[in-house]
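Chemist: Residue numbers (the working numbering): 21 to 150. Here a beta-carbon is modelled for each residue, glycine too, at the ideal position from N, C-alpha and C. Please read all numbers here as calculations on a predicted model, not as lab measurements.
1. Let me confirm a value: residue 109 is counted as buried when at least 16 other C-beta atoms fall within 10 Å, else exposed. Which label applies?
2. Decide if residue 113 is buried, meaning its Cβ has at least 16 other Cβ atoms within 10 Å, or exposed.
3. Tell whether a beta-carbon distance below 9 Å holds between residue 118 and residue 101.
4. With distances taken between CB atoms, is the gap from residue 35 to residue 88 smaller than 9 Å?
5. Please work out which residues of its chain come closer than 6 Å, Cβ to Cβ, to residue 39, disregarding the five sequence neighbours upstream and downstream, and give them in chain order.
6. With respect to the beta strand (DSSP E) encompassing residue 94, which residues constitute its N-terminal and C-terminal limits?
7. Does the Cβ-Cβ distance between residue 121 and residue 70 come in under 9 Å?
8. Return the CA-CA distance between residue 58 and residue 131, expressed in angstroms with no decimal places.
9. Please list, in chain order, all residues of the same chain as residue 61 whose beta carbon is under 8 Å from its beta carbon, the five residues on each side excluded.
10. Spell out the partners DSSP gives residue 118 in its beta bridges.
11. Of the residues 99, 33, 136, 103, which one's Cα is nearest the Cα of residue 123?
12. What residue does the beta strand (DSSP E) around residue 75 start on, and which one ends it?
13. I need the straight-line Cα distance from residue 45 to residue 32, nearest angstrom please.
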């Protein structure tokens with residue numbers, strides 16, 4: 021234990037979240053929440069009053085922040101801004117679609133899973149040519 025180097029806080033990365041209140045609450049209880057000096061949080065709670073524009077703005081903000089490594093977004097919310105999620109192609113922050121309590125996960129709509137399937141099908145075609 022004495023030889024371990026502590027993790028520097030300047031290079032630490034955050035997990036940002038766009039989800040319903042129950043999902044956000046669970047992650048906040050796990051210690052994922054953050055509030056910066058300008059009182060900006062690393063999450064957006066989406067309810068029936070949240071506009072699609074607010075979701076788009078939060079997605080754009082979280083994907084451009086340098087201290088965010090992962091953006092967790094409920095799949096049903098990602099479907100509201102599917103064009104943004106599908107057009108996002110930067111590896112960091114990674115976009116992960118998660119299920120919510122009221123909306124089950126549908127792998128057919130997951131952009132990351134569809135990209136992985138495409139890559140593996142392209143690899144199998146390339147390996148057949150050898």
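Modeler: In this structure, then:
1. exposed
2. buried
3. no
4. yes
5. 94
6. 88 to 94
7. no
8. 32 Å
9. 53, 54, 55
10. 94
11. 99
12. Here residue 75 belongs to no beta strand (DSSP E); instead the alpha helix (DSSP H) covers 72 to 84.
13. 22 Å
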